[in-house]
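Q:
2 protein chains.
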Amino acid sequence: MLIKEKVEQAKKLLDEFDIDCWLTFARETSINGDPTLAFLVESDLTWHSSFIITKNEAHAIVGEYDRLTVEELGVYDSVTGFVRGFKEPLLTLLKKLNPKKIAINYSVGSEICDGLTYGMYLTLQNVLSEISFENRLISAEKIVSALRERKSKSEVENIKEAIRYTEEIFDLVAKFIKPGKTEKEIASFMKQEVEKRKLKFAWDEKVCPSVFTGPETAGAHYAPTDREVEKGHLLNMDFGVKVNGYCSDMQRTFYILRDGEKNPPSSVQKGFDVNVEAIEKAKQGIKPGTQGHMIDKIARDTITANGYDEYPFGLGHQVGRFPHDGTALLGPAWEKYAQKPFKNLETGMVFTIEPRLTVPEHGVVSIEEMIIITETGCEWLTNPQKNIILV
Amino acid sequence: MLIKEKVEQAKKLLDEFDIDCWLTFARETSINGDPTLAFLVESDLTWHSSFIITKNEAHAIVGEYDRLTVEELGVYDSVTGFVRGFKEPLLTLLKKLNPKKIAINYSVGSEICDGLTYGMYLTLQNVLSEISFENRLISAEKIVSALRERKSKSEVENIKEAIRYTEEIFDLVAKFIKPGKTEKEIASFMKQEVEKRKLKFAWDEKVCPSVFTGPETAGAHYAPTDREVEKGHLLNMDFGVKVNGYCSDMQRTFYILRDGEKNPPSSVQKGFDVNVEAIEKAKQGIKPGTQGHMIDKIARDTITANGYDEYPFGLGHQVGRFPHDGTALLGPAWEKYAQKPFKNLETGMVFTIEPRLTVPEHGVVSIEEMIIITETGCEWLTNPQKNIILV
């Protein structure tokens, strides 16, 4: 079971980082759920809930009506239910554990480690001050990052299954795309295939898939339009599904042959080849101990050395329970990425590689592959696109 | 359109509360979405995004790839897209507006107003200190509460529609319940009816509906089990659906007649009547200007005066985009409810009323109605259960 696996992993991480207590503190989790909760519990919680993990123990303090559900996970050494307030049971437990530091889920640089709201932080500070523990709080970024990033075998299996479905649906839509079809029709065909398989979309359905045909499209993150596929268009799609809570995230590029064409024009072929080369070179550079900005630079330089504009985003992000998961990023040293590009890459991390470039008058070449980092380098999780898909 | 309606309402609220700037600040909103965003934008946002509303203006600063989608809402006076970082455009705008106070989405006492994470708060503090604005931050609780609580006509219409579907499905399941059916089978029947109608569940599907048959059940918030319906059982269900993002939340109580019974035994009938009386009296007490703790006391006293244990939770919560929405609560003065029971009730608020009591050897009587507060009192949104449903 995922929860058991992850709580055990968390105890080992506390040992590895020598932090003696990790506290996840949340309320009404269907409203403002800390994304870390998915590793600690299987259902939403109503009242102020505390999950306290040490190097050897795991405890939960939840509203009485949530107690049984948490108890039955069989993961926590104690599950305390309260009716009127969480303060007394939480302080009693913390006094007993008396940890030197209490790691909590906040982070400036990593949104995925930043689940604690400011109001809940103030609540905690105030409550802990009653036992003079308020200065023991530190960021749990290291713990939460590693817990999400070092994927277990079952997590990787789920991602692989999501990828297989994604590839299956890309294969089907390749036969559906025709001149005259609109972006919306193409997206709607894919959505039906997702529903037939009773899968979930990896991200907001409005832009999953997103479909861009021809020159001068919105670029990315934009819902499919009534624009029609035309001969001579480059068409690209961004698409992913979710299996047991784990995502795929892939892009594929298609070209619509003009009358008499057997192959894409050389400008399109060159753009495609350069993009594939950028991916291949980046992949070769990835191994534990390198950093994301180095990998981004390899791909970015390949694109610009061939005369194309650089892509206006990072080369790749981690994938997990969210399509954008984890802290370490294959990205440039831009303000918005903070320290993410400077984190060491580690075994077990799952990344996308997704450079893009524009071919004037035809559209955008954009391919997104997924890899997993191994002890010596990295391996494809996707079957990489090596040829432009001709329509 | 909801967004337009709500952004206009927000400007008026800033005027009413004399706050000259409200800032919603969020990133990767599919991961840690501030629940307020649903009133400001229709889709997920990837990078550090700022929505700045004043008494007369509304502005958005988002990642370049999110710009078009926000622009097309037609609600913002300016939508700025950035590639490398949000700091420069945000500081430029704030310097120009030069607000005395900047209200941000945090709250100790109200989870629904507490969307800003602690890491994002630190980011904002740090960025604002560059223009010496860091001491201008205040809580936006008043604005966010009123925005959620004072429902517009179209919001109420959505809730009413959700209620009609819920009642329709309760009517159907009344014919399905039979001795020998399990809680799981009953829940599964209802889930199918939800799917047939292409509705969404109002809360976590695992416990929507929740079904409790007979004595000694888990009580609440617990998934349906293999326990079978038996003659002589009281059975209660908690169930809601979502229409255009708006929820219903209702409970109904059933009794399974024993051989030879034409009516429930007097202990069951008394429990049911007392519960209905508690609801009716509470409803009569609700009007603008009263406070939730007063209303909770009316129902609680009715239950205990008749010799039953008091229910271990608040009498009723607001309903909106979440089944537990808004700040004001019909609840007792318990630690976990903080100041919520002491907020004045206002016209336009939608509340549940849901007392419960246990009838020994039979099970739990639990009814949950929904009302809307009017200028002079309140009105039913549900068709209130006045008779025990006999199976």
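Top line first, the protein sequences correspond to chains A and B.
Quick note on this note's numbering: the first sequence kicks off at 833 and runs consecutively.
Quick note on this note's numbering: the second sequence kicks off at 833 and runs consecutively.
Cβ coordinates follow ideal geometry from the N, Cα and C atoms, glycine included.
In this text, all values refer to a predicted model and were calculated from it rather than measured experimentally.
1. Below 9 angstroms between beta carbons: does that hold for B/Gly-1209 and B/Lys-1119?
2. Counting contacts by CB-CB distance shorter than 9 angstroms, is B/Lys-983 in contact with chain A?
3. Starting from A/Tyr-938, follow its DSSP beta bridges and name the residues at the other end.
4. Between which two residues does the alpha helix (DSSP H) containing A/Met-1082 stretch?
5. Based on the DSSP secondary-structure assignment, which residues constitute the bridge partners of A/Val-911?
6. Looking at the structure shown, is B/Asp-1128 part of a helix, part of a strand, or coil, going by DSSP?
7. Among B/Lys-974, B/Glu-1207 and B/Ser-964, which one has its Cα closest to the Cα of B/Ala-935?
8. Distance, Cα to Cα, A/Lys-1113 vs A/Val-1106?
9. Report the CB separation of B/Asp-852 from B/Lys-887 in whole angstroms; it is logged as a contact under 8 angstroms.
10. So the beta strand (DSSP E) A/Leu-922 belongs to, where does it begin and stop?
11. Taking Cβ positions only, does B/Cys-853 come closer than 9 angstroms to chain A?
12. Of the residues B/Phe-871, B/Lys-844, B/Asn-1215 and B/Ser-875, which one's Cα is nearest the Cα of A/Lys-1038?
13. Measuring alpha carbon to alpha carbon, tell me which of A/Ser-1042, A/His-1125 and A/Thr-1179 ends up nearest A/Thr-1162.
14. Following the continuous alpha helix (DSSP H) through A/Asp-1105, name the residue where it begins and the one where it ends.
15. Could you tell me the distance, in whole angstroms, from the CA atom of A/Asp-1003 to the CA atom of A/Met-1022?
16. Only counting the same chain, and skipping five residues up and downstream in sequence, which positions put a Cβ closer than 7 angstroms to that of A/Val-915?
17. How many angstroms separate the CA atom of B/Leu-846 from the CA atom of B/Tyr-1078?
18. Which residue wins for smallest C-alpha separation from A/Val-959, given the options A/Ala-890, A/Phe-871 and A/Phe-857?
19. Near B/Asn-1176, what residues of its chain come up, given a Cβ to Cβ distance below 8 angstroms and the 5 sequence neighbours on each side ignored?
20. Secondary structure at B/Gly-1046, three-state DSSP: helix, strand or coil?
21. Can you pull out the residues from the stretch 1154 to 1166 of chain B whose beta carbon lies closer than 7 angstroms to at least one beta carbon of chain A?
22. Apart from the five residues just before and just after B/Glu-904, which ones in its own chain have a Cβ nearer than 6 angstroms to its Cβ?
23. For the beta strand (DSSP E) holding A/Thr-1184, just list the boundary residues, first then last.
24. How close, in whole Å, do the beta carbons of A/Pro-1173 and A/Pro-1164 come, if the pair is a contact with beta carbons under 8 angstroms?
25. Can you name the residues of chain B whose CB is closer than 7 angstroms to the CB of A/Val-940?
26. Against B/Val-1039, what residues of chain A qualify as contacts under a CB-to-CB distance less than 9 angstroms, listed in chain order?
27. Among the residues of its own chain, which have a CB less than 7 angstroms from the CB of A/Cys-1040, if the five just before and after it don't count?
28. Would you please state the rounded distance, in angstroms, between the beta carbons of A/Leu-1031 and A/Gly-1103? I believe it to be under 8 angstroms.
29. Taking the alpha-carbon of B/Phe-1154 as reference, which of B/Met-833, B/Phe-871, B/Leu-855 and B/Gln-841 has the nearest alpha-carbon?
30. Is the shortest distance between the beta-carbon of B/Cys-945 and the beta-carbons of chain A less than 9 angstroms?
31. Among A/Ser-1198, A/Val-839 and A/Asp-1081, which has the Cα closest to the Cα of A/Glu-889?
32. Relative to the alpha-carbon of A/Met-1181, which residue among A/Leu-979, A/Asn-1138 and A/Pro-1097 has its alpha-carbon at the smallest distance?
33. Using beta-carbon positions only, say whether A/Ile-1220 and A/Tyr-1087 come within less than 9 angstroms of one another.
34. In chain B, what lies closer than 9 angstroms to A/Trp-1212 by C-beta?
35. Quick one: any contact between the stretch 981 to 989 of chain A and the stretch 1006 to 1018 of chain A, if contact means 3 or more CB pairs under 8 angstroms?
36. Check each candidate in A/Lys-1016, A/Gly-1117 and A/Lys-1218 and name the one with the smallest Cα separation from A/Ile-1204.
A: Walking through what the data contain:
1. As a first step, residue 1209 of chain B is located in the second sequence; it is residue number 377 there, counting from the start. As a first step, residue 1119 of chain B is located in the second sequence; it is residue number 287 there, counting from the start. Yes, the pair counts as a contact, with Cβ atoms nearer than the cut-off.
2. Locating residue 983 of chain B in the second sequence gives position 151, where the first residue counts as 1. Interface annotation, B/Lys-983: not in contact with chain A, CB-CB separation never under 9 angstroms.
3. Walking along the first sequence from the start, residue 938 of chain A turns up at place 106. Looking at the DSSP assignment, A/Tyr-938 forms no beta bridge with any residue, so it has no partner.
4. The residue given as residue 1082 of chain A occupies position 250 in the first sequence. That residue, A/Met-1082, is in no alpha helix (DSSP H); its beta strand (DSSP E) goes 1082 to 1087.
5. If you number the first sequence from 1, residue 911 of chain A lands on position 79. In the DSSP output, where bridge partners are listed per residue, A/Val-911 has A/Ala-892.
6. The residue you call residue 1128 of chain B lines up with position 296 of the second sequence. In the structure shown, B/Asp-1128 falls within a helical segment according to DSSP collapsed to helix, strand and coil.
7. One-based indexing of the second sequence puts residue 935 of chain B at position 103. Closest by alpha carbon: B/Lys-974.
8. In the first sequence, residue 1113 of chain A corresponds to position 281, counting from 1. In the first sequence, residue 1106 of chain A corresponds to position 274, counting from 1. For A/Lys-1113 and A/Val-1106, the distance between alpha carbons rounds to 10 angstroms.
9. Locating residue 852 of chain B in the second sequence gives position 20, counting from the first residue. Locating residue 887 of chain B in the second sequence gives position 55, counting from the first residue. Contact check for B/Asp-852 and B/Lys-887: beta-carbon distance about 7 angstroms, within the 8 angstroms limit, so the pair qualifies.
10. As a first step, residue 922 of chain A must be located in the first sequence, where it is residue number 90. Taken as a continuous stretch (DSSP letters only), A/Leu-922 belongs to no beta strand (DSSP E), being part of the alpha helix (DSSP H) at 919 to 929.
11. Here residue 853 of chain B refers to the residue found at position 21 when the second sequence is read from its first residue. Output row for B/Cys-853: interface = no.
12. Taking the first sequence and counting its residues from 1, the one referred to as residue 1038 of chain A is at position 206. Measuring from the Cα of A/Lys-1038, the nearest candidate turns out to be B/Ser-875.
13. Stepping through the first sequence from its first residue, residue 1162 of chain A is reached at position 330. Looking at the sequence itself, residue 1162 of chain A is Leu, so the reference to Thr does not match. Checking every option, the nearest Cα to that of A/Leu-1162 belongs to A/His-1125.
14. Counting from one through the first sequence, the residue named residue 1105 of chain A turns up at place 273. Here the alpha helix (DSSP H) through A/Asp-1105 covers 1098 to 1117.
15. Along the first sequence, read from residue 1 onward, the residue named residue 1003 of chain A stands at position 171. Along the first sequence, read from residue 1 onward, the residue named residue 1022 of chain A stands at position 190. Whole-angstrom Cα-Cα distance: 10 angstroms.
16. By one-based count along the first sequence, residue 915 of chain A stands at place 83. Correct list, in chain order: Glu-896.
17. Position 14 of the second sequence, counted from the start, is the residue given in the question as residue 846 of chain B. Position 246 of the second sequence, counted from the start, is the residue given in the question as residue 1078 of chain B. Distance between the alpha carbons of B/Leu-846 and B/Tyr-1078: 25 angstroms.
18. For the purposes of this step, residue 959 of chain A is taken as the residue at position 127 of the first sequence. Ranking A/Ala-890, A/Phe-871 and A/Phe-857 by Cα distance to A/Val-959 puts A/Phe-857 first.
19. Stepping through the second sequence from its first residue, residue 1176 of chain B is reached at position 344. Taken in chain order, the residues that qualify are Pro-1120, Gly-1121, Thr-1122, Gln-1123 and Ala-1160.
20. Residue mapping note: residue 1046 of chain B aligns to position 214 of the second sequence, counting from 1. Looking at B/Gly-1046 - three-state DSSP - the assignment turns out to be coil, as it is neither helix nor strand.
21. Phe-1154, His-1156 and Trp-1166
22. Mapped onto the second sequence, residue 904 of chain B falls at position 72. Closer than 6 angstroms at the Cβ level, and outside the excluded window around B/Glu-904, lies no residue.
23. By one-based count along the first sequence, residue 1184 of chain A stands at place 352. Here the beta strand (DSSP E) through A/Thr-1184 covers 1182 to 1185.
24. Translated into positions along the first sequence, residue 1173 of chain A becomes position 341. Translated into positions along the first sequence, residue 1164 of chain A becomes position 332. Indeed, because the Cβ distance is near 6 angstroms, the residues count as touching under 8 angstroms.
25. Taking the first residue of the first sequence as 1, we reach residue 940 of chain A at position 108. By Cβ distance, chain B contributes Gly-951, Leu-954 and Thr-955.
26. One-based indexing of the second sequence puts residue 1039 of chain B at position 207. Those are Ser-875, Asp-876 and Thr-901, listed as they occur along chain A.
27. Taking the first sequence and counting its residues from 1, one reaches residue 1040 of chain A at position 208. Excluding positions up to five away in sequence, the list reads Phe-1033, Ala-1034, Phe-1071 and Gly-1072.
28. Counting from one through the first sequence, the residue named residue 1031 of chain A turns up at place 199. Counting from one through the first sequence, the residue named residue 1103 of chain A turns up at place 271. Not really, about 32 angstroms apart at Cβ, beyond 8 angstroms.
29. To locate residue 1154 of chain B, count along the second sequence from 1; it is residue 322. Of all alpha-carbon atoms in B/Met-833, B/Phe-871, B/Leu-855 and B/Gln-841, the one lying nearest the alpha-carbon of B/Phe-1154 is that of B/Phe-871.
30. Within the second sequence, residue 945 of chain B is the residue found at index 113, counting from 1. Interface residue, yes.
31. Taking the first sequence and counting its residues from 1, one reaches residue 889 of chain A at position 57. Closest option to A/Glu-889, Cα to Cα, is A/Val-839.
32. Looking up residue 1181 of chain A in the first sequence gives position 349. Comparing alpha carbon positions, the residue from A/Leu-979, A/Asn-1138 and A/Pro-1097 closest to A/Met-1181 is A/Leu-979.
33. Mapped onto the first sequence, residue 1220 of chain A falls at position 388. Mapped onto the first sequence, residue 1087 of chain A falls at position 255. Cβ atoms of A/Ile-1220 and A/Tyr-1087: closer than 9 angstroms.
34. Here residue 1212 of chain A refers to the residue found at position 380 when the first sequence is read from its first residue. Neighbours of A/Trp-1212 on chain B: none; closest Cβ ~25 angstroms, over 9 angstroms.
35. no
36. As a first step, residue 1204 of chain A must be located in the first sequence, where it is residue number 372. The alpha carbon of A/Ile-1204 has as its nearest neighbour, out of A/Lys-1016, A/Gly-1117 and A/Lys-1218, the alpha carbon of A/Gly-1117.
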